[in-house]
Amino acid sequence: GAGVSQSPSNKVTEKGKDVELRCDPISGHTALYWYRQRLGQGLEFLIYFQGNSAPDKSGLPSDRFSAERTGESVSTLTIQRTQQEDSAVYLCASSYRDREDQPQHFGDGTRLSIL
Amino acid sequence: GQNIDQPTEMTATEGAIVQINCTYQTSGFNGLFWYQQHAGEAPTFLSYNVLDGLEEKGRFSSFLSRSKGYSYLLLKELQMKDSASYLCAVRDQNAGNMLTFGGGTRLMVKP
Numbered sequence: 264g265a266g267v268s269q270s271p272s273n274k275v276t277e278k279g280k281d282v283e284l285r286c287d288p289i290s291g292h293t294a295l296y297w298y299r300q301r302l303g304q305g306l307e308f309l310i311y312f313q314g315n316s317a318p319d320k321s322g323l324p325s326d327r328f329s330a331e332r333t334g335e336s337v338s339t340l341t342i343q344r345t346q347q348e349d350s351a352v353y354l355c356a357s358s359y360r361d362r363e364d365q366p367q368h369f370g371d372g373t374r375l376s377i378l
Numbered sequence: 003g004q005n006i007d008q009p010t011e012m013t014a015t016e017g018a019i020v021q022i023n024c025t026y027q028t029s030g031f032n033g034l035f036w037y038q039q040h041a042g043e044a045p046t047f048l049s050y051n052v053l054d055g056l057e058e059k060g061r062f063s064s065f066l067s068r069s070k071g072y073s074y075l076l077l078k079e080l081q082m083k084d085s086a087s088y089l090c091a092v093r094d095q096n097a098g099n100m101l102t103f104g105g106g107t108r109l110m111v112k113p
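Each protein sequence line maps, in turn, to chains E and V.
End of the first sequence sits at 378 in my numbering; the numbers just go up one at a time, nothing left out.
End of the second sequence sits at 113 in my numbering; the numbers just go up one at a time, nothing left out.
Shown next as structure tokens:
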């Protein structure tokens, strides 16, 4: 069975450009998270989708960041007018119905570099 | 909100035992997870605790005390490949069962 898939694996872009990152969760997983991880740092929560409920956007660092999810499938994280401080690995994770004992399964991440 | 604290770094010797502590404050505790993350890789699930006590899984064990807001991950018979970051994460039922991660503990295993 396929795991969480993220694309692209690497993205290099110029400051000021918009980028779109994609996450395909494990089939049947209703909960989906986006995290940011800067080099040598911990996971920084960005946004959380759970089924058809309104997403928890409390972790988005600025209005340049937005994310969407179509039903219980693919999610895209968009960063507009990128800044050098946005350089990080962006990790997506999914879990089954967010049941208490269900761990999150992580994708391999997108390594974003802003020049 | 939640507050999750772990030591930033630890060093241990191959073959030894190491204990990585995690303390948390949350209004609606609903489970604690430990993850392992090797440099440049995604985190992988290690263990889950929701009731007080010790959960053992091979060389790794995890302990939870809900009254103290405390957990530890115990690694026995350390191997060089255990050098990684270890992440403590807490689920909060008062936050939509969202999982929040601590900053992680970077473990270096030396020969």
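A virtual CB, placed ideally from N, CA and C, is assigned to each residue, including glycine.
Going by DSSP, which residues form a beta bridge with residue i?
i, result
"Asp94 of chain V", "V:Phe31 and V:Met100"
"Met12 of chain V", "V:Leu109"
"Thr333 of chain E", "In DSSP, Thr333 of chain E forms no bridge with anything."
"Ile342 of chain E", "E:Val282 and E:Phe328"
"Gln313 of chain E", "E:Ala294"
"Ala86 of chain V", "V:Leu109"
"Arg380 of chain E", "Shown here, chain E extends from 264 to 378; a query on residue 380 of chain E therefore has no answer."
"Ile19 of chain V", "None; Ile19 of chain V has no bridge partner."
Would you please state the rounded distance, in angstroms, between the beta carbons of residue i and residue j? I believe it to be under 8 Å.
i, j, result
"Ser272 of chain E", "Arg285 of chain E", "With 8 Å as the limit, Ser272 of chain E and Arg285 of chain E do not qualify as a contact, their Cβ atoms being about 11 Å apart."
"Phe369 of chain E", "Ala44 of chain V", "4 Å"
"Arg301 of chain E", "Tyr353 of chain E", "No, Arg301 of chain E and Tyr353 of chain E are not in contact; Cβ-Cβ is about 11 Å, not under 8 Å."
"Ser358 of chain E", "Ala265 of chain E", "In fact, because the Cβ distance is near 15 Å, the residues do not count as touching under 8 Å."
"Thr28 of chain V", "Asp94 of chain V", "5 Å"
"Leu34 of chain V", "Leu66 of chain V", "6 Å"
Kindly indicate the opening and closing residues of the beta strand (DSSP E) around residue i.
i, result
"Val352 of chain E", "Ala351 to Ser358"
"Lys59 of chain V", "Gly55 to Lys59"
"Ser268 of chain E", "Ser268 to Ser270"
"Lys274 of chain E", "Asn273 to Thr276"
"Ser69 of chain V", "Element bounds for Ser69 of chain V: n/a, residue is neither H nor E."
"Asp319 of chain E", "Segment: none, Asp319 of chain E is in no beta strand (DSSP E) and carries neither H nor E."
"Asp371 of chain E", "Neither: Asp371 of chain E is in no beta strand (DSSP E) and is coded neither H nor E."
"Ile6 of chain V", "Asn5 to Asp7"
"Leu48 of chain V", "Thr46 to Asn51"
Is residue i close to chain V, meaning its C-beta is less than 8 Å from at least one C-beta of that chain?
i, result
"Phe308 of chain E", "yes"
"Tyr311 of chain E", "yes"
"Gly305 of chain E", "yes"
"Phe328 of chain E", "no"
"Gln367 of chain E", "yes"
Does residue i have its Cβ less than 8 Å from a Cβ in chain E?
i, result
"Met12 of chain V", "no"
"Leu75 of chain V", "no"
"Leu89 of chain V", "yes"
"Thr102 of chain V", "yes"
"Val52 of chain V", "yes"
"Phe35 of chain V", "yes"
"Phe47 of chain V", "yes"
Do the CB positions of residue i and residue j come within less than 8 Å of each other?
i, j, result
"Asn23 of chain V", "Tyr88 of chain V", "no"
"Lys70 of chain V", "Ile19 of chain V", "no"
"Phe103 of chain V", "Arg68 of chain V", "no"
"Lys83 of chain V", "Thr13 of chain V", "no"
"Asp319 of chain E", "Met100 of chain V", "yes"
"Phe308 of chain E", "Gly322 of chain E", "yes"
"Gln346 of chain E", "Lys274 of chain E", "no"
"Ala351 of chain E", "Thr339 of chain E", "no"
"Ser85 of chain V", "Ser64 of chain V", "no"
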